[in-house]
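K.L.:
Before I ask anything, here is the structure I am working with.
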Amino acid sequence: MVHTLPDPEFVCLYVSQLTPGTDFVEVQRIIQEARQRHTSLGLRGALVFDGERFAQLIVGRQELLDTACTFIENDARSTGLRLLHRGTDIPKLVPRWTSGYCGHLDLDLVVNAGGGAAVQAFLRLLEGAVMD
Ligand SMILES: Cc1cc2nc3c(=O)[nH]c(=O)nc-3n(C[C@H](O)[C@H](O)[C@H](O)COP(=O)(O)O)c2cc1C
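If you use numbering that gives the first Met the number 0, the sequence shown corresponds to residues 0 to 131, in order.
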């Protein structure tokens, strides 16, 4: 009998900036688009905005993550996309999907930490952020 292992899950953490000149109304649209798609795809994680930058943690199987990443990369409403961490070390307390607004000092802590420490800093940020 052949046993197939389930595809491993990956965690990705990104930051990017709202493209200068973009109407703030777009932030709400981006949040809604991500929420709809992630809920239907079963992707877990969070998207936060600090008034200037987005940060986003996504957990899921590789092909779903790749799809989400391609959307973000090709979306003209954000620029300077940077991957802070990618790995299979899935933290236990990743929300199903949530989004909202965070403070820029908390987001600085995430960006300055980098790597796996950035993931931990991001999850701490969610506790103090205004989420849906
Ligand atoms: C910073 C940023 C992060 C985004 N994150 C996601 C995401 O995680 N998942 C998603 O589905 N869409 C996300 N979006 C929105 C998609 O880029 C957008 O829905 C898509 O490009 C629109 O494609 P469509 O017109 O084919 O629906 C994000 C956009 C930005 C600017």
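Think of the CB as a built atom: it goes at the ideal place given N, C-alpha and C, for glycine as much as any other residue.
Note that the structure is a prediction, hence the values are computed from the model and not measured.
Could you pull the start and end residues of the beta strand (DSSP E) that Gly99 belongs to?
P.N.:
Thr97 to Tyr100 is the span of the beta strand (DSSP E), which, as asked, contains Gly99.
K.L.:
Can you tell me whether Ala54 is helix, strand or coil according to DSSP?
P.N.:
strand
K.L.:
Going by DSSP, what residue range makes up the beta strand (DSSP E) through Val10?
P.N.:
Glu8 to Leu17
K.L.:
When every heavy atom of ligand 1 is checked, does at least one fall within less than 7 Å of the C-beta of Asp74?
P.N.:
yes
K.L.:
Mind checking Arg52: buried by the 16 CB within 10 Å criterion, or exposed?
P.N.:
By the neighbour-count rule (16 or more Cβ atoms within 10 Å), Arg52 is buried.
K.L.:
What span of residues does the beta strand (DSSP E) with Ala45 cover, start to end?
P.N.:
Arg43 to Phe48
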